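K.L.:
Numbering (this note's numbering), first residue to last: 3 to 170.
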């Protein structure tokens, strides 16, 4: 059997499409086409490795698992890496010998931060103070956040950084 078309098999619908294709390719080592698409040697190898990883923690894996382990060896699980960007940062704000943790959107501008601090912490108009950014991982000192329309993302503010508030 060289070509297989699979449609409407209920137990396979529990798997996402890519894994479903990989499992079918791995279970059927002699097919060259699946659902009208050619199976390349690279896709077959990826499928077989995914098959091994899928069944590696199952008590009684199918016999095909052992056949593929003999070919590819025992594999380490893939690491799940989250590369999504966070949309907020937690910074320590220092003002008058006090420290407060504040969360800000990375899309907030320096002016937005000043207005928020003026309202919630300083209790004075935002024009009456400056904010200094201290990047705790950088070798240099504090830098004044004097570009009011620049976002915290552009200032490269990250979790754990500090803001120092000084009255003008």
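Using N, Cα and C, we set each Cβ at its ideal position, and we do this for glycine too. Note that the structure is a prediction, hence the values are computed from the model and not measured.
Using the Cα positions of residue 108 and residue 84, report the straight-line distance between them to the nearest angstrom.
P.N.:
Residue 108 sits at position 106 when you count from the first residue of the chain shown. Residue 84 sits at position 82 when you count from the first residue of the chain shown. Going from the Cα of residue 108 to the Cα of residue 84 covers about 18 Å.
K.L.:
From residue 168 to residue 135, what distance separates their C-alpha atoms?
P.N.:
Along the chain shown, read from residue 1 onward, the residue named residue 168 stands at position 166. Along the chain shown, read from residue 1 onward, the residue named residue 135 stands at position 133. Roughly 11 Å separates the two Cα atoms.
K.L.:
Taking the Cβ atom as the reference point for each residue, do residue 100 and residue 92 lie within a distance shorter than 7 Å?
P.N.:
Reading the chain shown from its first residue, position 98 is the one you call residue 100. Reading the chain shown from its first residue, position 90 is the one you call residue 92. The answer is no: Cβ separation not under 7 Å.
K.L.:
Would a C-beta distance cut-off of 7 Å place residue 44 and residue 27 closer than the cut-off?
P.N.:
Against the chain shown, residue 44 aligns to sequence position 42. Against the chain shown, residue 27 aligns to sequence position 25. Cβ atoms of residue 44 and residue 27: not closer than 7 Å.
K.L.:
On a CA-only basis, which of 76, 147 and 112 is nearest residue 51? Give me that one, please.
P.N.:
Locating residue 51 in the chain shown gives position 49, where the first residue counts as 1. Checked all of 76, 147 and 112; the closest Cα to residue 51 is 76.
K.L.:
Thinking residue 24 and residue 53 are a contact (beta carbons under 8 Å), I'd like their distance in whole angstroms, please.
P.N.:
Sequence index remark: in the chain shown, residue 24 carries index 22 (1-based). Sequence index remark: in the chain shown, residue 53 carries index 51 (1-based). The Cβ separation is near 6 Å, so the contact holds.
K.L.:
Given this structure, state the Cα-to-Cα distance separating residue 145 from residue 15, to the nearest angstrom.
P.N.:
As a working note, residue 145 is residue 143 in the chain shown. As a working note, residue 15 is residue 13 in the chain shown. Between residue 145 and residue 15, the C-alpha separation is close to 55 Å.
K.L.:
Just to confirm, are residue 116 and residue 128 a CB contact at a threshold of 7 Å?
P.N.:
For this step, residue 116 is matched to residue 114 along the chain shown. For this step, residue 128 is matched to residue 126 along the chain shown. It is a contact, given that the beta carbons lie within the stated cut-off.
K.L.:
Label residue 8 either buried or exposed according to how many other C-beta atoms from any shown protein chain fall within 10 Å of its C-beta, with 16 as the threshold for buried.
P.N.:
The residue labelled residue 8 in the question sits at position 6 within the chain shown. So residue 8 ends up on the exposed side.
K.L.:
Determine the closest residue to residue 2 out of 38, 21 and 47, with distance taken between C-alpha atoms.
P.N.:
Given that the chain is displayed from residue 3 to residue 170, the structure contains no residue 2 and the question cannot be resolved.
K.L.:
Quick check on DSSP: helix, strand or coil for residue 84?
P.N.:
Here residue 84 is taken as the residue at index 82 of the chain shown, counted from 1. In this structure, residue 84 counts as coil in the three-state DSSP scheme.
K.L.:
By the 10 Å Cβ neighbour count, where 16 or more other Cβ atoms means buried, how is residue 163 classified, buried or exposed?
P.N.:
Within the chain shown, residue 163 is the residue found at index 161, counting from 1. Classification of residue 163: buried, given that the 10 Å Cβ count is 16 or more.
K.L.:
Just grab the DSSP bridge partners of residue 132 for me.
P.N.:
By 1-based counting over the chain shown, the position of residue 132 is 130. DSSP, once it has assigned bridges, lists 168 as partnering residue 132.
K.L.:
Leaving out five residues on either side along the sequence, give the residues of the same chain with a beta carbon under 7 Å from the beta carbon of residue 55.
P.N.:
Along the chain shown, read from residue 1 onward, the residue named residue 55 stands at position 53. The residues are 77, 79 and 80.
K.L.:
Can you tell me the Cβ-Cβ gap for residue 152 and residue 112, rounded? I've got them flagged as a contact below 8 Å.
P.N.:
Locating residue 152 in the chain shown gives position 150, where the first residue counts as 1. Locating residue 112 in the chain shown gives position 110, where the first residue counts as 1. Yes, they are in contact, since the Cβ atoms of residue 152 and residue 112 sit about 6 Å apart, within 8 Å.
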